[in-house]
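Asks:
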Amino acid sequence: MDNHTAVTTFLLWGFSSFPDLQYLLFVVIFFSHVTILAANVSIMVAVKLSHNLHTPMYFFLCGLSLSETCTTMAIIPRMLADLLSETKTISLPECATQMFFFFGLGANNCFILAAMSYDRYSAIHHPLHYPILMTWKICFQQMVACFVVGLLVSLCIVSIVFHLSFCDSKTIQHFFCDITPVVSLACDYTSLQKMVLLAFTAFVLVGSFILIMISYVFIVSVIVKMPSAGRSKAFSTCSSHLTVVSIHYGFASFVYLRPKNNDSFRKDMLVAVTYTVLTPLLNPIVYSLRNKEMQTALRKVLGNANRFISPSGNKRTLNL
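Structure representation (structure tokens):
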């Protein structure tokens, strides 16, 4: 424990190997972050203002957008600051906090995607009982459960990681405090602790993915028996969700479930850039491009915003 208590700071190595690219990366990631915030906030506002979108599916979509926004806020502002800073140190409490929110909100994303698949299963497999199965109270309880379970799992993981003794290099080979780069610095990381962390990670990723697949097995079994017109509509309502699931679980599984080797940290860091920046950006794009109701609601929101800020709109307001 003496070595553990002696550690007060870590060095986030991040993109230090590419000094010539740091300003370019800052510009790209900054504008990506602004776009992520604008896109996800637009979806939440569109759902709030459009009464025809007040359904469980869009309620969960708002929860996913909120969770994705919070996930990026846990990582990207610090990443941007480090790209412009000579000293990229992070204190142990800050590191633990960052890991807690990143993994907790990431786990929450998985659980929300699973809840969304159950919602689609209920709507397609039990259309007559759907209003009873997915009341607003049940939807709210599911959303709260997603956040609570995700954060509890993350709390267990962070507790294990930061009770280790760090007696090796204090340089984290990553741009944020992810699990694997941090535990690689510990000198008392046992096989049992490794198995426990892997079990928690598998519970989140594999467990939620199995629930999604079970839901879609039942969904497909119903869809294939539908007339062609109903089949097309059912597939269209599920295609956006399946696309987001594929993107989310593809990147997450590559980082957290594949075997590690000497080149893993560099590969994980490159994939993590995509996972933390591109995935939250793609989610709202996928739902807006593949969903006509969402497109209509977003046009309405953007049109109202344009009239509010346009000079002609101001003149009309003054004349009144």
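So the mapping is simple: the working numbering equals the position in the sequence shown, first residue as 1, plus 1. Glycine included, each C-beta is placed from N, C-alpha and C at the ideal position.
#1: So LEU199 and THR90 are supposed to be a Cβ contact under 8 Å. How far apart are they, rounded?
#2: Taking just the CA atoms, how far does SER170 sit from PRO182?
#3: Give every residue of the same chain whose Cβ lies closer than 7 Å to the Cβ of ILE220, excluding the five residues on either side of it in the sequence, and list them in chain order.
#4: Check THR9 in the structure and name its three-state DSSP category.
#5: So, under 8 Å CB-CB, HIS213 and VAL256 are touching, yes? Tell me the CB distance rounded to an integer number of Å.
#6: Excluding five sequence neighbours on each side, which residues of the same chain lie with their C-beta closer than 8 Å to the C-beta of HIS130?
#7: Please list the terminal residues of the continuous beta strand (DSSP E) segment that includes SER92.
#8: Return the residue from the list LEU54, PHE141, VAL8 and VAL29 that minimises the CA-CA distance to GLN296.
#9: By the DSSP assignment, the alpha helix (DSSP H) with PRO182 in it spans what residues?
#10: What is the rounded straight-line gap between the Cα of VAL8 and the Cα of PHE167?
#11: Find the nearest neighbour of LEU303 within the set HIS175, VAL46 and HIS52, judged by alpha-carbon distance.
#12: Would you call the CB atoms of ILE37 and PRO281 closer than 7 Å?
#13: For ASN4, which residues in the same chain have their Cβ closer than 6 Å to its Cβ, ignoring the five residues on either side in sequence?
#14: State the CB to CB distance for the pair PHE163 and ALA75, rounded to an integer number of angstroms; the pair is presumed to be in contact (CB under 8 Å).
#15: Report buried or exposed for THR34, applying the criterion of at least 16 other Cβ atoms within 10 angstroms of its Cβ.
#16: Tell me whether PHE402 sits in a helix, a strand or coil according to DSSP, three-state version.
#17: If you draw a straight line from the alpha carbon of SER17 to that of HIS175, how long is it in whole angstroms?
#18: When DSSP labels each residue in this structure, what does THR56 get in the three-state scheme?
#19: Enumerate in chain order the residues of its own chain whose CB-to-CB distance from GLN194 is below 7 Å, with the five nearest sequence positions on each side excluded.
#20: Taking the straight line between their C-alpha atoms, what separation do you get for PHE210 and SER254?
#21: Between the alpha carbons of ALA235 and ILE173, how many angstroms are there, rounded?
#22: What do you get for SER222, buried or exposed, if any count of 16 or more other CB atoms within 10 angstroms of its CB means buried?
#23: With DSSP collapsed to three states, give me the class of THR191.
#24: Strictly by DSSP, which residues pair up with PHE32?
#25: Would you list, in sequence order, the uninterrupted alpha helix (DSSP H) runs of no fewer than 4 residues that lie entirely inside the segment 277-303?
#26: Any contact of the segment 18-29 with the segment 101-111, i.e. 3+ C-beta pairs under 8 Å?
#27: Is it buried or exposed for MET58, if we count other Cβ within 10 angstroms and need 16 for buried?
#28: What's the C-alpha gap between ASP189 and ILE158?
#29: Starting from the Cα of VAL150, find the closest Cα among ALA116, LEU67, GLY231 and ASN109 and give me that residue.
#30: Within 10 angstroms of the Cβ of MET2, are there 16 or more other Cβ atoms? Answer buried if so, exposed if not.
Replies: According to the structure data:
#1: Within the sequence shown, the letter at position 198 stands for residue 199. Within the sequence shown, the letter at position 89 stands for residue 90. Contact doesn't hold; Cβ gap of about 29 Å is too wide.
#2: Start at 1 with the first residue of the sequence shown, and residue 182 comes out as number 181. Start at 1 with the first residue of the sequence shown, and residue 170 comes out as number 169. Taking the straight line from one Cα to the other gives about 11 Å.
#3: In the sequence shown, counting from the first residue as 1, residue 220 sits at position 219. The residues are ARG121, TYR122, ILE125, HIS126 and CYS239.
#4: Position 8 of the sequence shown holds residue 9. Of the three classes helix, strand and coil, the one that applies to THR9 here is coil, per DSSP.
#5: Residue numbering aside, residue 213 sits at position 212 when the sequence shown is read from its first letter. Residue numbering aside, residue 256 sits at position 255 when the sequence shown is read from its first letter. The displayed chain sequence assigns Ile, not His, to residue 213. Not quite, the Cβ-Cβ distance comes to about 19 Å (not below 8 Å), so this is no contact.
#6: Here the question's residue 130 lines up with position 129 in the sequence shown. So the list reads SER123, once near-sequence residues are dropped.
#7: Looking up residue 92 in the sequence shown gives position 91. Residues 90-92.
#8: Position 295 of the sequence shown, counted from the first residue, corresponds to residue 296. Comparing Cα positions, the closest option is LEU54.
#9: As a position in the sequence shown, residue 182 is number 181, starting the count at 1. It spans 180-184 - the alpha helix (DSSP H) in which PRO182 sits, taken as one unbroken run.
#10: On the sequence shown, position 7 is the one that residue 8 refers to. On the sequence shown, position 166 is the one that residue 167 refers to. Straight-line Cα distance between these residues: approximately 7 Å.
#11: Within the sequence shown, numbered from 1, the residue matching residue 303 stands at position 302. Checking every option, the nearest Cα to that of LEU303 belongs to VAL46.
#12: Within the sequence shown, the letter at position 36 stands for residue 37. Within the sequence shown, the letter at position 280 stands for residue 281. Their beta carbons are under 7 Å apart, which means ILE37 touches PRO281 by this criterion.
#13: Taking the sequence shown and counting its residues from 1, the one referred to as residue 4 is at position 3. Because the pLDDT at ASN4 is just 45, under 50, the model does not fix this residue reliably, and the point stays unresolved.
#14: Translated into the one-based positions of the sequence shown, residue 163 becomes position 162. Translated into the one-based positions of the sequence shown, residue 75 becomes position 74. So it is not a contact: roughly 16 Å between Cβ atoms.
#15: Your numbering for residue 34 matches position 33 in the sequence shown. According to the sequence provided, residue 34 is His. The question's Thr does not apply to it. Answer is buried; the Cβ neighbour count reaches 16.
#16: What the structure shows of the chain is the stretch from 2 to 321, and residue 402 is not part of that stretch, so it cannot be assessed.
#17: Mapped onto the sequence shown, residue 17 falls at position 16. Mapped onto the sequence shown, residue 175 falls at position 174. Rounded to whole angstroms, the gap between the alpha carbons of SER17 and HIS175 is 10 Å.
#18: Along the sequence shown, one-based indexing puts residue 56 at 55. Three-state DSSP puts THR56 in coil, outside helix and strand.
#19: Against the sequence shown, residue 194 aligns to sequence position 193. Result list for GLN194: ILE161, in chain order.
#20: Numbered from 1 along the sequence shown, position 209 holds the residue referred to as residue 210. Numbered from 1 along the sequence shown, position 253 holds the residue referred to as residue 254. Going from the Cα of PHE210 to the Cα of SER254 covers about 11 Å.
#21: In the sequence shown, counting from the first residue as 1, residue 235 sits at position 234. In the sequence shown, counting from the first residue as 1, residue 173 sits at position 172. So the two alpha carbons sit approximately 46 Å from each other.
#22: Walking along the sequence shown from the start, residue 222 turns up at place 221. Classification of SER222: exposed, given that the 10 Å Cβ count is below 16.
#23: What you label residue 191 is simply residue 190 of the sequence shown in a count that begins at 1. Here DSSP, grouped into helix, strand and coil, assigns THR191 to coil.
#24: Taking the sequence shown and counting its residues from 1, the one referred to as residue 32 is at position 31. Its beta-bridge partners do not exist; DSSP assigns none.
#25: For the segment 277-303, whole alpha helix (DSSP H) runs of length 4 or above, ordered along the chain, are 280-290.
#26: By the criterion of at least three beta-carbon pairs nearer than 8 Å, the segment 18-29 is not in contact with the segment 101-111.
#27: The residue you call residue 58 lines up with position 57 of the sequence shown. So MET58 counts as buried.
#28: For the purposes of this step, residue 189 is taken as the residue at position 188 of the sequence shown. For the purposes of this step, residue 158 is taken as the residue at position 157 of the sequence shown. So the alpha carbons of these two residues sit roughly 16 Å apart.
#29: Working through the sequence shown from its first residue, we reach residue 150 at position 149. Of the listed residues, the one whose Cα sits closest to VAL150 is ASN109.
#30: To locate residue 2, count along the sequence shown from 1; it is residue 1. Below a pLDDT of 50, predicted positions are generally treated as unreliable, and MET2, at 44, falls in that range; no measurement from the model is reported.
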